[in-house]
Amino acid sequence: MPSWDAFPLFFVSALLVWVLYAFVREKWSPDVVVAIAVAALLAAQQLTPHDVLGVLSNSAPVTIACMFVLSAALERTGCIDALGNWLGDLVGDSPTRVLAGLMLTALIVSAFLNNTPVVAILTPVAIALAKRASSSPSKLLIPLSYATVLGGMLTMIGTSTNILVDGVARKAGLEPFGMFEITPAALAFCAVGFIYLMLFSRRLLPDRETLSKQLRPDLGRTFMSELLVPRDSPVIGRTIGEANLNGGSGLKVLKIFRDEEEITEPGHDTVLASGDLLVLHGQVKDVVDLRESNKLSFNRGEAFETVSSHDVIVAEAIVGRNSRYSHRPMRDLDLTARYGIAVLAVHRQDENVQGNLDDFQLQFGDVMLVEGTPAQIKRFADNGDLISLNAVQERAYRRDKAPIAILATLAVVILSAFSFMPIEGLAIIACATVLATRCLDVEDAYKAVDWKVLSLIFGMLAISIAMDRVGLIDLVVDKTMAAIPNASPLLMLGFVYLLTTILTEILSNNAVAVLVTPIAIGIAQSLGLDPRPFVVAVMFAASVSFATPIGYQTNTFVYNAGGYRFSDFMRIGIPLNILMVGVAMLVIPRIWPLQ
27 MPSWDAFPLF FVSALLVWVL YAFVREKWSP DVVVAIAVAA LLAAQQLTPH
77 DVLGVLSNSA PVTIACMFVL SAALERTGCI DALGNWLGDL VGDSPTRVLA
127 GLMLTALIVS AFLNNTPVVA ILTPVAIALA KRASSSPSKL LIPLSYATVL
177 GGMLTMIGTS TNILVDGVAR KAGLEPFGMF EITPAALAFC AVGFIYLMLF
227 SRRLLPDRET LSKQLRPDLG RTFMSELLVP RDSPVIGRTI GEANLNGGSG
277 LKVLKIFRDE EEITEPGHDT VLASGDLLVL HGQVKDVVDL RESNKLSFNR
327 GEAFETVSSH DVIVAEAIVG RNSRYSHRPM RDLDLTARYG IAVLAVHRQD
377 ENVQGNLDDF QLQFGDVMLV EGTPAQIKRF ADNGDLISLN AVQERAYRRD
427 KAPIAILATL AVVILSAFSF MPIEGLAIIA CATVLATRCL DVEDAYKAVD
477 WKVLSLIFGM LAISIAMDRV GLIDLVVDKT MAAIPNASPL LMLGFVYLLT
527 TILTEILSNN AVAVLVTPIA IGIAQSLGLD PRPFVVAVMF AASVSFATPI
577 GYQTNTFVYN AGGYRFSDFM RIGIPLNILM VGVAMLVIPR IWPLQ
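Given below as structure tokens:
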């Protein structure tokens, strides 16, 4: 019969298994999962309030938050936009030069900025460059995402994972990593990744259409759309068959909402009435043709201002990382009253969204097809909730403030490299500088910070305290060493790297970093080795997520924008992951000796 003394270890272990399972299931967002776990640990007295409040003193999340703000300042002042315009002028219309130029730009910029906004801004640039080079954006967007991931490895501030692993290692007693300490090793990863993508991406990636190409009359992906029968419509009193709305027009009426009634299976003989809301399935060109015939109008609501047909355009946009529209039913968003736009359809993971759009909840990476005037759609995109994929938007950048934002970011990099002050102190000063000089507004700064990521990090740090306290980390280390007896240091380094990279493909990279870093340190210490190379292995492996679209936010972003399938990431990503394992085992021990 198990002793009551074993309860803490059993409880924390079971809770950790549930956390990992919940991450994979994605029923709740990761920050909610860890919040529930921390609450359970408090209730079971495996954590104290002092423990939970103590994680707030960890410098890593503070630094990460500041880097979000600095990235937003560079974006708001037009620095990244100017870089994209310069890239377009430089590469011309050669597909090879376009691919090389786009990846090199992403590699360099993401070394100093948060990866997700870099991809968000360069995605419309990539789509425009693909069109100029008579290529498909699907040939460019995965390489763009991978390049930002690799570029983030170049410096300590390139990605939140680097900062977080450094923070966990410091708490364990290791010396802080210098700003460019990891750069020589990361350059090897970048070189191998760049060459691989230049040689194989055009062969391994599909020539698949994005939503922007679907707008041509001769093309068309099917959409779910809602159209309203206006009071003066010629189809009133006619059946669906007489109005040619089923079959012959390329459209199919799936449902009709009439007052409080829902007609779930309308047939050819169903008579249409004024005010009917029709849910149709069809291609964009058929839906737009139907609207232009003045038979029906898109469901906009009473607040929409009527415009003539020649003023209306159809455009696509992707749901951003911090959109306040995420996880809310579309009926509650009131987009018509806010912007005067109509949502025609939503695509997720290369599939049509089925059902009434009123009940549909948007998620990060969803592509929306919207209709409105150019000014209305521009205002919608400029709000920051969605990112236009049709073209680079001419927003009101604060370009006169660009030198300040650049100097503030450079100051963090240079002064940290010379150990003038801990990086968290420099980052706080730089943030205060860009806010005081109005490089961006305070509201923009709050919006730029990914609070879900920070909540996840704080929660995982608290969970790691409980893991250490009940001896779970030591138990995992002991079981690992027993399972791989007499393993060489190099083999154990490879094991740590491989374990981390596999977990990163299915879980949050930051969660994996917090979980595996203490285990890696414990394995190194049990072997009598320097923990530093093992920590670097975790740092790199927790960043290089190539095999799935869910392991890293930039992959999720381009997943829908490029019209990719899950298998596309596996086809090009798994060989690259294998290459990275080899690079890690060759390069890391040479820069940080194991003995």
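In the working numbering, the protein residues as written are 27 to 621.
Idealized CB from N, CA, C, for every residue including glycine.
Just so we're clear, the structure is a prediction, and the values are computed from it rather than from any experiment.
Subject >> 7 Å CB neighbourhood of residue 328 in its chain, flanking five on each side removed >> reply: Since pLDDT at residue 328 reaches only 33, below the 50 mark, its modelled position is unreliable, and no value is offered.
Original post:
For residue 265, which option in 289, 293, 255, 286 has the closest C-alpha, if you only look at C-alpha atoms?
Top reply: 293
Subject >> Simplified DSSP state of residue 531, which is helix, strand or coil >> reply: Per DSSP, reduced to three states, the secondary structure at residue 531 is helical.
Subject >> C-alpha gap between residue 503 and residue 424, whole angstroms >> reply: 52 Å
Original post:
Since residue 431 sits in a beta bridge, which residues does DSSP pair it with?
Top reply: According to DSSP, residue 431 bridges with nothing at all.
Original post:
Going straight from the alpha carbon of residue 59 to that of residue 299, what length do you get?
Top reply: 48 Å
Subject >> Endpoints, the beta strand (DSSP E) within which residue 280 is located >> reply: Residues 278-284.
Subject >> Among 506, 98, 356, 210, the one whose alpha carbon lies nearest that of residue 615 >> reply: 210
Subject >> Alpha carbon of residue 505 to alpha carbon of residue 175, nearest angstrom >> reply: 32 Å
**OP:** Tell whether a beta-carbon distance below 8 Å holds between residue 575 and residue 590.
**Re:** Contact annotation: residue 575 and residue 590 have beta-carbon atoms nearer than 8 Å.
Subject >> C-beta atoms of residue 483 and residue 202 nearer than 8 Å >> reply: no
Subject >> When 570, 123, 290, 192 are compared against residue 160, the one with the closest alpha-carbon >> reply: Of 570, 123, 290, 192, the residue nearest in Cα terms is 123.
Original post:
If you scan the region 505-551 from start to end, which runs of the alpha helix (DSSP H) of 4 or more residues do you find wholly inside it?
Top reply: 515-532
Original post:
Should residue 393 be listed as close to the ligand NAD, given that the test is whether its C-beta is under 7 Å from any heavy atom?
Top reply: Judged by which ligands are present, the structure shown has none, so any question about the ligand NAD falls away.
Subject >> 8 Å Cβ shell around residue 336 - same chain, five flanking residues per side excluded >> reply: For residue 336, the pLDDT reaches just 38, beneath the cut-off of 50, and the residue's location in the model is therefore unreliable, although a value from the coordinates is still provided. Taken in chain order, the list of residues that qualify is empty.
Original post:
If you run the structure through DSSP and keep just helix, strand and coil, what is residue 447?
Top reply: coil
Original post:
Between which two residues does the beta strand (DSSP E) containing residue 289 stretch?
Top reply: 287-289
**OP:** State the DSSP-derived secondary structure class of residue 180, mapped to helix, strand or coil.
**Re:** coil
**OP:** Return yes when the Cβ of residue 540 is within less than 8 Å of the Cβ of residue 167, no when it is not.
**Re:** no
Original post:
Among 394, 358, 296, 385, which one has its Cα closest to the Cα of residue 343?
Top reply: 394
**OP:** Could you spell out the range, first to last residue, of the alpha helix (DSSP H) harbouring residue 299?
**Re:** That residue, residue 299, is in no alpha helix (DSSP H); it is neither H nor E in DSSP.
Subject >> Length of the line joining the Cα atoms of residue 334 and residue 279 >> reply: With a pLDDT of 35 at residue 334, under the threshold of 50, the predicted position of this residue should be treated as unreliable, and no value is reported.
Subject >> Same chain only: Cβ atoms within 8 Å of residue 222, ignoring 5 sequence neighbours per side >> reply: 601, 602, 605, listed in sequence order.
Subject >> Residue closest to residue 65, alpha-carbon to alpha-carbon, out of 54, 53, 55, 78 >> reply: The residue from 54, 53, 55, 78 with its alpha-carbon nearest to that of residue 65 is 78.
Original post:
How many Å lie between residue 598 and residue 607 at the Cα?
Top reply: The alpha-carbon atoms of residue 598 and residue 607 are separated by roughly 15 Å.
**OP:** For residue 181, count neighbouring Cβ atoms within 10 angstroms of its own Cβ and tell me buried if that reaches 16, exposed if not.
**Re:** buried
Original post:
Are the region 114-121 and the region 430-447 in contact at 8 Å, needing three or more beta carbon pairs?
Top reply: no
Subject >> Own chain, CB closer than 6 Å to residue 357, minus 5 neighbours either side, in chain order >> reply: 384
Original post:
What residue from 302, 220, 287 has the CA that sits closest to residue 258's CA?
Top reply: When each option's Cα is compared against that of residue 258, the closest is 302.
Original post:
Which of helix, strand or coil does DSSP assign to residue 306?
Top reply: strand
Subject >> According to DSSP, residues forming a beta bridge with residue 65 >> reply: DSSP, once it has assigned bridges, lists no residue as partnering residue 65.
Original post:
Distance, Cα to Cα, residue 549 vs residue 542?
Top reply: 10 Å
**OP:** Look at the alpha carbon of residue 361 and the alpha carbon of residue 231, and state the distance between them as a whole number of angstroms.
**Re:** Distance between the alpha carbons of residue 361 and residue 231 is about 36 Å.
Original post:
Can residue 144 and residue 106 be called in contact, C-beta distance under 8 Å?
Top reply: Yes, the pair counts as a contact, with Cβ atoms nearer than the cut-off.
Original post:
In three-state terms, what does DSSP make of residue 242?
Top reply: Interpretation of residue 242 is limited by its pLDDT of 41, a score under 50 that renders its predicted location unreliable; no figure is taken from the coordinates.
Original post:
Hey, how far is the Cα of residue 91 from the Cα of residue 97?
Top reply: If you draw a straight line from the Cα of residue 91 to the Cα of residue 97, it comes to about 10 Å.
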